[in-house]
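Structure record follows, encoded as structure tokens.
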Amino acid sequence: MAASTDLTASSEWWRGLNEAMSARRPLPRVQPLVKEHLRWYPKADVALLSRAYAVADHLHREQKRKSGEPFIIHPLAVATILAEMGLDTATLVAALLHDTVEDTPFSLAHLAAEFGAEVGIMVDGVTKVDRSMYGSAAAGETFRKMVVAAKDDLRVLLIKLADRVHNLRTLQFQPPHKRAKIARGTRELLIPLAERLGVYQLKRELEDLCFEYLETEDFERVRERTEQVRRSHEHEIDSLRVSLRDVLHAFRVKAEVVVRERHLYSVFTSGLRAGSEVGPVATVRYVVVVRGGEQNAYLALGAVHGRWRPVPRRFRDFIAIPKYNLYKALHTTVVTESGRQVQIIICDPHAREVSEYGIIAQIRQETSKDGRLLQEGRTRADPEWLTRLLGWQEQASAEDLLTGARTDLADTITVLTGEGRVLTLPEGATPVDVAYALGEETGNHFSAATIDGRLAGPAARVREGDTVRIVTTDEPAPDRGWLDSVRTGEARVGITAWHRVRARERASEDGRWRLAELLGQDRLVEAEAAGKLIGVARRMGHPDMEDLYVALGEGRRAPEDVSDKLS
13 MAASTDLTAS SEWWRGLNEA MSARRPLPRV QPLVKEHLRW YPKADVALLS RAYAVADHLH
73 REQKRKSGEP FIIHPLAVAT ILAEMGLDTA TLVAALLHDT VEDTPFSLAH LAAEFGAEVG
133 IMVDGVTKVD RSMYGSAAAG ETFRKMVVAA KDDLRVLLIK LADRVHNLRT LQFQPPHKRA
193 KIARGTRELL IPLAERLGVY QLKRELEDLC FEYLETEDFE RVRERTEQVR RSHEHEIDSL
253 RVSLRDVLHA FRVKAEVVVR ERHLYSVFTS GLRAGSEVGP VATVRYVVVV RGGEQNAYLA
313 LGAVHGRWRP VPRRFRDFIA IPKYNLYKAL HTTVVTESGR QVQIIICDPH AREVSEYGII
373 AQIRQETSKD GRLLQEGRTR ADPEWLTRLL GWQEQASAED LLTGARTDLA DTITVLTGEG
433 RVLTLPEGAT PVDVAYALGE ETGNHFSAAT IDGRLAGPAA RVREGDTVRI VTTDEPAPDR
493 GWLDSVRTGE ARVGITAWHR VRARERASED GRWRLAELLG QDRLVEAEAA GKLIGVARRM
553 GHPDMEDLYV ALGEGRRAPE DVSDKLS
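Numbering-wise, my numbering comes out as the position in the sequence shown, counting from 1, plus 12.
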């Protein structure tokens, strides 16, 4: 965005804002958004949506994007992306206003007063912290702020994802170094976040856009090759779809068979990264949508495996053990008569919707025809991964928070605990990561572990499907050496925090000993009991005696300075 004009709270500015506040009829530019929203929710509050647009249009009227277009194009595009996926009215209002608090004189309090606390929470959650206050820690603190806001409303994360989608769609107007930085940040944090929320429709577009900017030559090669393969083998791809449909019919399974094209980055990572050629069926996936519920998915699986040979280790049952992002389906890969490997996904209609939209599918179910969430339908933080992230982020520095989140949100595996609890952890996780995932207390008391019944050390790697049992000690004693092998942010922060507390306790003991050595033990006890020492501590800028002792123990204060002030 180009630098905005310094807007003052002049009478003209406020008059324009008040006129925007009273807008009821949609302006021409917002009409497509209104039309799309009404397609989902025929009784939606169009006047509210129109007013939000009018206010955003007024507030951003002096601002331009790098492309030279009016800035209002951006929030309107973000709201449209969300409207196309069926989000509720409040989310669209927040999307239209999401940059106003950050980039204009419009305050959060004013916004919440005009559009409600629900919208205020979402806008505040996506508003960056003040870089002048946080400096290099601004990115981490902004992420922390967004995650904390998501505890109250997960829609904050959806607005952020839609915001990044549109920014990447128009990334060509940014200088090359900024394109690469934004694309890398998206790949490291936001794409994994989209997967955790199950919003694969956004995840796939984000992946392809980042692919285009970070590996441009590979992107062009894969795009050309994929288009060529799909054109020249269209008959073969469709023929297999018909065969699959006939197999299911013969097995008396009622189902629809859909050919879903794989997005370019998926094709690249599954084969072309290594420079190998890609066959026609490698560019698509076959989705079997069964009628009659999940039990029929297993009947369909039996029909498929009865017709073609399944590939060992390529079967995944996400119905019996759903993924962390609500996804439930059967995945199998079979070998056809021609020797080609084909991936087949089997699910019911609801699971298919969830496979595309994740948490959005749940929000749509909880939204009435007037575009408002039902009374009990607040999208509060339920996912285990977010609860765990919220649990350790408070103790993490901004840098450690970003590092830990990148790891925690990366490619994941599922493991079982000895009690049968299912945990989702990053690839390469250790038994120590498992212990801290069970709670900081368990992690701090970790002693040993078994993986599938075999004794394993703290640095061992757990794998998909492993059963991990944790053995604890009576006294906590996390080893600093574990930091070299743990993968999760909560384990890293937990270990570091324990040692930081112990170091502070030792410094406090040393500081008190140093002061007692100078004053004498009796005089020190007398000064503590009489309240004299706490007074000295506060005059020296310390909140309590322990903080003063720590400063003495660390050498930041001299015992003589304290003694002089006690005299």
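The C-beta atom is built at its ideal place from N, Cα and C for all residues, glycine as well.
Mark Ala286 as exposed unless 16 or more other C-beta atoms lie within 10 angstroms of its C-beta, in which case mark it buried. Within the sequence shown, numbered from 1, the residue matching residue 286 stands at position 274. Confidence at Ala286 is low in this model, with a pLDDT of 49, below 50, so its placement is unreliable and the value that follows should be read with caution. Under this definition Ala286 is an exposed residue.
Rounded to whole angstroms, what is the Cα-Cα separation between Ser282 and Arg272? Within the sequence shown, residue 282 is the residue found at index 270, counting from 1. Within the sequence shown, residue 272 is the residue found at index 260, counting from 1. Approximately 16 Å, taken between the alpha carbons.
For Ser62, count neighbouring Cβ atoms within 10 angstroms of its own Cβ and tell me buried if that reaches 16, exposed if not. Here residue 62 is taken as the residue at index 50 of the sequence shown, counted from 1. With 16 or more Cβ atoms within 10 Å of its Cβ, Ser62 is classed as buried.
Just the Cα atoms here: how many angstroms apart are Phe280 and Glu239? For the purposes of this step, residue 280 is taken as the residue at position 268 of the sequence shown. For the purposes of this step, residue 239 is taken as the residue at position 227 of the sequence shown. Roughly 13 Å between the two C-alpha positions.
Name the two residues that bound the continuous alpha helix (DSSP H) containing Phe458. As a first step, residue 458 must be located in the sequence shown, where it is residue number 446. Premise fails: Phe458 lies in the beta strand (DSSP E), Phe458 to Ile463, not in any alpha helix (DSSP H).
Residue ranges of each beta strand (DSSP E) within the region 325-409, 3 or longer: 342-347 and 353-359
Taking the C-alpha atoms as reference points, what is the distance between Arg325 and Ala102? Here residue 325 corresponds to residue number 313 of the sequence shown, with the count starting at 1. Here residue 102 corresponds to residue number 90 of the sequence shown, with the count starting at 1. About 45 Å.
Neighbourhood of Asp175 by C-beta, 6 Å cutoff - its chain only, sequence neighbours within 5 removed: Locating residue 175 in the sequence shown gives position 163, where the first residue counts as 1. Hits under 6 Å: Val90.
Mind checking who Pro82 pairs with in its DSSP beta bridge? Position 70 of the sequence shown, counting from 1, holds the residue named residue 82. Partner(s): Lys76.
Counting C-beta neighbours from all protein chains within 10 Å, is the total for Glu388 16 or more, i.e. buried, or is it exposed? Within the sequence shown, residue 388 is the residue found at index 376, counting from 1. Only weak support exists for where Glu388 lies, its pLDDT of 47 falling under 50; the value from the coordinates is given anyway. Its Cβ having fewer than 16 others within 10 Å, Glu388 is exposed.
Distance check for Val483 and Arg297, CA to CA, integer angstroms please. If you number the sequence shown from 1, residue 297 lands on position 285. If you number the sequence shown from 1, residue 483 lands on position 471. Going by the C-alpha atoms only, they are around 43 Å apart.
Does Thr295 come out as helix, strand or coil in the three-state DSSP assignment? Working through the sequence shown from its first residue, we reach residue 295 at position 283. Thr295 falls in the helix class under three-state DSSP.
Assuming Val168 contacts Met134 under a Cβ cut-off of 8 Å, what Cβ separation, rounded to an integer in Å, is found between them? Translated into positions along the sequence shown, residue 168 becomes position 156. Translated into positions along the sequence shown, residue 134 becomes position 122. Rounded, the Cβ-Cβ distance is 5 Å, consistent with contact.
With which residues is Ala267 paired in a DSSP beta bridge? To locate residue 267, count along the sequence shown from 1; it is residue 255. According to DSSP, Ala267 bridges with Val302.
With DSSP as the reference, please indicate the residues paired to Pro438 in a beta bridge. Taking the sequence shown and counting its residues from 1, the one referred to as residue 438 is at position 426. In DSSP, Pro438 forms a bridge with Thr424.
Note down, one range per segment and in chain order, each alpha helix (DSSP H) of at least 4 residues found wholly within the region 504-548. 533-541
Find the nearest neighbour of Ala519 within the set Ala542, Glu452, Met158 and Met557, judged by alpha-carbon distance. Here residue 519 refers to the residue found at position 507 when the sequence shown is read from its first residue. Considering only alpha carbons, the answer is Met557.
In its own chain, which residues sit with a C-beta less than 6 Å from the C-beta of Arg524, not counting the 5 before and 5 after it? Residue mapping note: residue 524 aligns to position 512 of the sequence shown, counting from 1. Around Arg524: Tyr561.
Distance between Ala408 and Phe83 (C-alpha atoms, nearest Å): Numbered from its first residue, the sequence shown carries residue 83 at position 71. Numbered from its first residue, the sequence shown carries residue 408 at position 396. If I take the Cα positions, the gap works out to 35 Å.
CA-CA distance, Gln374 and Thr429? Along the sequence shown, read from residue 1 onward, the residue named residue 374 stands at position 362. Along the sequence shown, read from residue 1 onward, the residue named residue 429 stands at position 417. Spanning the two alpha carbons is a distance of roughly 29 Å.
Secondary structure of Arg481, DSSP reduced to three states: Numbered from its first residue, the sequence shown carries residue 481 at position 469. Of the three classes helix, strand and coil, the one that applies to Arg481 here is strand, per DSSP.
In three-state terms, what does DSSP make of Ala468? For this step, residue 468 is matched to residue 456 along the sequence shown. Looking at Ala468 - three-state DSSP - the assignment turns out to be strand.
Residue burial classification, Thr228 (beta-carbon count within 10 angstroms, cutoff 16): Reading the sequence shown from its first residue, position 216 is the one you call residue 228. By the neighbour-count rule (16 or more Cβ atoms within 10 Å), Thr228 is not buried but exposed.
Where the alpha helix (DSSP H) containing Thr116 begins and where it ends: In the sequence shown, residue 116 corresponds to position 104, counting from 1. Where Thr116 is concerned, there is no enclosing alpha helix (DSSP H), given that its DSSP letter is neither H nor E.
Going by DSSP, what residues sit across from Glu273 in a beta bridge? Position 261 of the sequence shown, counted from the start, is the residue given in the question as residue 273. Paired residue(s): Val296.
Three-state secondary structure (DSSP) at Ala286? Taking the sequence shown and counting its residues from 1, the one referred to as residue 286 is at position 274. Because the pLDDT of Ala286 is 49, which lies under 50, any placement of that residue in the model is unreliable, and the number read from its coordinates should be weighed accordingly. Correct three-state label for Ala286: helix.
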